[in-house]
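The block underneath contains the structure these notes are about, expressed in structure tokens.
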């Protein structure tokens, strides 16, 4: 269970890192949206391993095929099936993994839950699973852009203790993509790249924080109680591999302010629109978007697979040691950026459709 | 929409702060569970306003009535309906609210979304809505206790910058309930109480962090992808009013460690069980519980309603000022503790049932 | 589980025939719909026992109270909670039922499933459960009427072998309500009433067929695959107590025609609209409404509770006999009419909202 | 929307008749079930066109590939993706269809709903969509067999007015498969085959009734209210293409009996089990299985595509005529048998898992 996300714009992913392939079925997509394989591939390429010197050198083309739901370049309103084939990459790298549990991976918990596990790779916990999310996110982004010119832009805000200075209200995709670490603060980006490379050379890994902004989100998206917009966003990004924390607007830092300092005062802007002077709320009040920029942050832990040797156990219950082999990212953050964007776009698109379904009928 | 939570243990709440009452329907509860109104009332009393000098002096009895689903003290397996009547409390306090939007409240976004709003109170964004959650949580806790002796214990970890020293592995409910701020660090609790009282006297408010631990959670709960256990927990607590952030295990601080430092090494304990020496994972790996204590934190912003005057606008689009009247909590944290526990218990119970439904069949 | 129906217009019922009461929570209702307790009560009165000499003489007022979701006569967009209190009617009638299983009732299967049962009445299998459905149906009907002037009209088509001649394309609610059996064929209605009374005097019961038409349904409602409009309608009405069969359009009789006879040829009407000359499809093609009248039929078995003695067993596994006591309908059909209408209206309303949520966005 | 079926055993299909392929994602399957491509292929071959002289001569291999969720011959508990490629069969047959609406097909309603349509074939309304259902059904059947030796057997009960005499309590799969019309009454089967062939030669088509029995179903499956077992079954089979009616147990004929005749009296069998002497209930009472054989019937209309010319209109709103070209089944019934079985098995499997998830926990 748990492989479907969304209520009206409904995304179902399938596929292990090893086996026939990974893919996604997107149900509920509005009809007549122009979409091409190329547009989806652009986002997949941002997620792809082997894209730069600071990501895993594993080369995977990750070429997607649209199996259904699109006809003559337009969505049909029927489910869009997308498939990315796995290469037959089973190597010796994983032989040890059939018996030894990798620390802070899902090997042991899969075995505990299912009593079986595809030990040839990470199975469903592999980052490859996110291919389907990113493909769905590409479509969600296009819908959002078309309906309300919504922009969803993520970037690396912090790597370990290197924190960038970025204005979420003005940052552009071009700035994000201008360097391989996806940090629009050019000076900080260089230091981040250096730190990642150095950490990789040491056989270790590091983590950090991705920040994401959604601009031009219409007022009124989200629902008051369990499906509050921030709750759906939290679930979306906390379902990404390696995520450990979520903040909306002021987040944890907001708890250091008083109510007087934290409250976002209202004013009327030149166009007669109700606005807030500050945005500690992060664009959401009472679970519903208020028209200000939605700003959130996600903490990603350091990559679990490292070349340094660590203590572990076997599936037979014996203590042993394990050192990660193969080619892994010393830092997932640059590749996590499109994943965060995808989940944010999927949530916003789903809520947009739901809003039409309840509030645009009468 | 959005008033139902959970897949198999399914909780639907209804009711505004003003009107006939608030309540909950719990569907999918296992049959033959012994449950009484009194057991539910115990939890509701922990959530109730007016319980101490640091909560709002508003007195609400919040007496619950079980309408259905329980017969001769046992659950029937059919939906449990629980109702708490509202007192007819409509006072002059809210008259201004019919036209002025309270800063950082849901008034403006409700109007933007629905084009209508029950201005007599907070409507669905009122903390009163959580009565249904806490009632459902009381039942979820009992199921968890009965099946696996699971304990779910929340407490105030931090108020503004006053951080308590608490060991989640040993903390007891008795320690939590030993003071009115629900902080088991007695010395820190006193300072917290003082700060809350002082802030209240100034007409201002403060926030903080609730930490929650779930102990004895069986291995194997949760699902690999979108319904990862931490993702469901994040959604659950981020759907509580005033929450701004969520962390599981090491959280944001975990991003400052290297993989070598952060990974939880495995060992075999004296009973032959696979355990981890550290618990940066917070009891969840790959979205599935690993048998270690589940530890999470939730950031709550300072209460939005304050007596200090602030700038705002009217629903007619005119700028004005507003100072909160009525009786409000200067700090929601003590009352948020049972709410967090309730959502954690509901998530765990739902995942427990789902685990039986998939993995205990063959 | 299973106490929630619908995806966007989502209806959750609760309550046993004995206990605090029965009720419903309606989530996802469009905001700003004018609705009053009186409008809902009108439909509840059509469902109510004791309404005529051919229904059970049990008098139940079934007065409903709106607990939430409506403010100053208009829906808020938040969940509408409605409660109907049970009278404390526990009589000696049910004492035998605590040990003896009533034939063709749910007593034995509830015990088999849950290991517990509220033997004071029918529990969730009581027709009282349908109060919540009828209340929700009243709201659904109003939305449908307001959006597209949709009319949903049910009537008794057949009692045992007495079949009425009724034109679904022209029948009116007034005609349906013009007699106590709700059969708009006046002459046939009289014979039906006579047969029901005679059957009741014999301590026996009879069944029949309810037909229901929905007129002015917009083209495009419903979804191609699992949620085909006829599939949702089938589920809706087959979830009513005592239903044994469902037909859409030509139904079982349609299987006696050839394709050439059965196909509905298209033509262009005077207003330029695409129409069909016949309506064997019953207003639905490929799971989607085509603008013709939706026509369906539901078979209801003879009431299971009869005064004639029958063989049964006890919950201890001993064979015995049982004769129904108390006051029961010798024929459920007249009261089933508003139930069928309610389920049809709920399905159509849900699909209407879903259609806006997918197809009115771009 | 509407491309997912089931709550715990959750089936999502995708794919049009023309395009990359059709497939299915099965989420929530219990882990460690042995399953092979060959077992699934057996069921697909029963559904396949071109399998005999009375089905369409269109040859489609319909070879399935398992993309994920199965490892070394066993299910992983993760989603099972199955793909069947489409052959590139776009022929001249469909050219006319790009402008002319086929009577009693989905062409016109798809255009009305989505404003776009894959006119190269039936799109999602093509019988090809049922490939995914049949594949999922093969897995559901295996789970049911393994857990409780449940058998699900469908067969042709009636073709037009040729009704077979078959005892659902003893019929075997071998008998069903012993002739190409899948009617275990050998003598009647011959007459059916003759009628189908004759009808096909005339360029016309016929329909009929499929009956399906599920034996050894454990007591207790299904839920009291909206998800009554018969309601879920009704939805499942009424979502199949060309279905027009559904009956459980006595069905419409049951309405001709009195309650005294219709009620299923209880007795204790030699093994001490509670049984019923008759089975008008069709194995379900109060929405829950009672351990008797579940028996249902589904009406299928005559195939809409016929070679005889009929009146229709174009998508430009002009009246015209159309005669079906290409190769179509003069009667869908033989191929509908595995489809009905699949939906019944999926419903039963889903309810089985749900039963464990609620009632086997405490």
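Chains as they are written, first to last, in my numbering: chain R, 1 to 362; chain F, 1001 to 1362; chain G, 2001 to 2362; chain H, 3001 to 3362. The beta carbon of each residue, even a glycine, is placed where N, CA and C say it ideally should be.
Residue closest to residue 1284 of chain F, alpha-carbon to alpha-carbon, out of F:1132, F:1308 and F:1248: Looking at F:1132, F:1308 and F:1248, the one whose alpha-carbon comes closest to that of residue 1284 of chain F is F:1248.
Contact list for the stretch 2005-2020 of chain G against chain F, Cβ threshold 9 Å: Those would be 2008, 2010, 2012, 2013, 2014, 2015, 2016, 2018, 2019 and 2020, in chain order.
Residue range of the unbroken beta strand (DSSP E) whose run includes residue 3247 of chain H: Its beta strand (DSSP E) spans residues 3243-3248.
Helix, strand or coil at residue 9 of chain R according to DSSP, with G and I counted as helix: In the three-state reduction of the DSSP assignment, residue 9 of chain R falls in the coil class.
Which of helix, strand or coil DSSP assigns to residue 3068 of chain H: Three-state DSSP puts residue 3068 of chain H in a strand.
Contacts around residue 1064 of chain F, its chain only, beta-carbon distance under 8 Å, and the 5 residues preceding and following it disregarded: Closer than 8 Å at Cβ, skipping near neighbours: 1037, 1040, 1041, 1044, 1082, 1083, 1084, 1131 and 1135.
Inside the stretch 3194-3271 of chain H only - beta strand (DSSP E) runs reaching at least 3 residues: Qualifying beta strand (DSSP E) stretches, in chain order: 3208-3215, 3243-3248 and 3266-3268.
Residue 2110 of chain G - DSSP class collapsed to helix/strand/coil: Per DSSP, reduced to three states, the secondary structure at residue 2110 of chain G is helical.
Selection of the stretch 188-222 of chain R by Cβ proximity to chain G, strictly under 8 Å: Cβ contacts with chain G: none found.
Pair within 8 Å by beta-carbon distance, residue 3422 of chain H and residue 2226 of chain G: Because chain H in this structure spans residues 3001 to 3362, residue 3422 of chain H falls outside the shown range and cannot be described.
C-alpha distance - residue 1147 of chain F paired with residue 3223 of chain H, whole-angstrom precision: Approximately 23 Å, taken between the alpha carbons.
Best match in G:2359, G:2330 and G:2054 for proximity to residue 2180 of chain G [C-alpha to C-alpha]: Ranked by Cα distance from residue 2180 of chain G, the options G:2359, G:2330 and G:2054 are led by G:2054.
Residue from R:7, R:15, R:195 and R:164 with nearest C-alpha to residue 183 of chain R: Taking the Cα of residue 183 of chain R as reference, the smallest distance to any Cα among R:7, R:15, R:195 and R:164 is reached at R:164.
Sub-8 Å separation of residue 2108 of chain G and residue 2345 of chain G beta-carbons: It is not a contact, given that the beta carbons lie outside the stated cut-off.
Beta-carbon proximity list for residue 3301 of chain H, same chain, < 7 Å, skipping 5 on both sides: For residue 3301 of chain H, where only same-chain residues beyond five positions count, the Cβ hits under 7 Å are 3207, 3242 and 3244.
Chain-ordered chain R contacts of residue 2360 of chain G [CB-CB under 7 Å]: What residue 2360 of chain G touches in chain R: 356 and 360.
Selected residue, minimal CA-CA separation from residue 113 of chain R, among F:1051, F:1288 and F:1317: Of the candidates F:1051, F:1288 and F:1317, the one whose C-alpha sits nearest the C-alpha of residue 113 of chain R is F:1288.
Within chain F, partners of residue 414 of chain R - CB distance below 9 Å: With chain R covering only 1 through 362, there is no way to say anything about residue 414 of chain R.
Residue 1237 of chain F and residue 1152 of chain F closer than 8 Å at C-beta: Going by C-beta atoms, residue 1237 of chain F is not nearer than 8 Å to residue 1152 of chain F.
Residues near residue 1046 of chain F by beta carbon distance below 6 Å, same chain, minus five either side: Same-chain partners within the cutoff: 1338.
Inter-residue CB distance, residue 3294 of chain H and residue 3214 of chain H (contact presumed, cutoff 8 Å): 4 Å between Cβ atoms; contact.
Against chain G: residues of the stretch 141-172 of chain R by CB proximity under 8 Å: Those would be 143, 146 and 147, in chain order.
Below-8 Å beta-carbon distance, residue 3032 of chain H vs any chain F residue: Yes - at least one Cβ of chain F is within 8 Å of the one on residue 3032 of chain H.
Chain-ordered neighbours of residue 3310 of chain H on chain G, where CB pairs are closer than 8 Å: Contact annotation for residue 3310 of chain H against chain G: 2260, 2263 and 2265 [CB-CB distance below 8 Å, chain order].
Sub-8 Å separation of residue 3142 of chain H and residue 3274 of chain H beta-carbons: No, these two residues do not count as a Cβ contact at 8 Å.
8 Å Cβ cutoff met for residue 3018 of chain H and residue 3221 of chain H: Contact flag unset, no.
Neighbour-count burial assignment, residue 1160 of chain F, 16 or more Cβ in a 10 Å radius: Buried, since its Cβ has 16 or more Cβ neighbours within 10 Å.
Buried/exposed call for residue 2272 of chain G, threshold 16 Cβ in 10 Å: Residue environment analysis places residue 2272 of chain G among the exposed positions, since fewer than 16 neighbouring C-beta atoms fall within 10 angstroms of its C-beta.
Cβ-based neighbour list, residue 1291 of chain F, same chain, cut-off 6 Å, excluding 5 preceding and 5 following: Result list for residue 1291 of chain F: 1219, in chain order.
Chain H contacts made by the stretch 61-72 of chain R, where a contact means CB separation under 9 Å: Those would be 65, 66, 67, 68, 69, 70, 71 and 72, in chain order.
Distance between beta carbons of residue 1103 of chain F and residue 167 of chain R, contact taken as under 8 Å: Incorrect: roughly 23 Å between the Cβ atoms, too far for contact.
N- and C-terminal bounds of the alpha helix (DSSP H) containing residue 2137 of chain G: Run containing residue 2137 of chain G: 2130-2148, per the alpha helix (DSSP H) assignment.
Residue range of the unbroken beta strand (DSSP E) whose run includes residue 3173 of chain H: First-last for residue 3173 of chain H: 3173-3177, but that is the alpha helix (DSSP H), not the beta strand (DSSP E).
Start and end residues, alpha helix (DSSP H) containing residue 2155 of chain G: Under the DSSP assignment, residue 2155 of chain G falls outside any alpha helix (DSSP H), being part of the beta strand (DSSP E) whose first and last residues are 2151-2159.
Interface flag, residue 3235 of chain H vs chain G, CB-CB below 8 Å: Yes - at least one Cβ of chain G is within 8 Å of the one on residue 3235 of chain H.
Test item: CB-CB of residue 1 of chain R and residue 3352 of chain H under 8 Å: Their beta carbons are not under 8 Å apart, which means residue 1 of chain R does not touch residue 3352 of chain H by this criterion.
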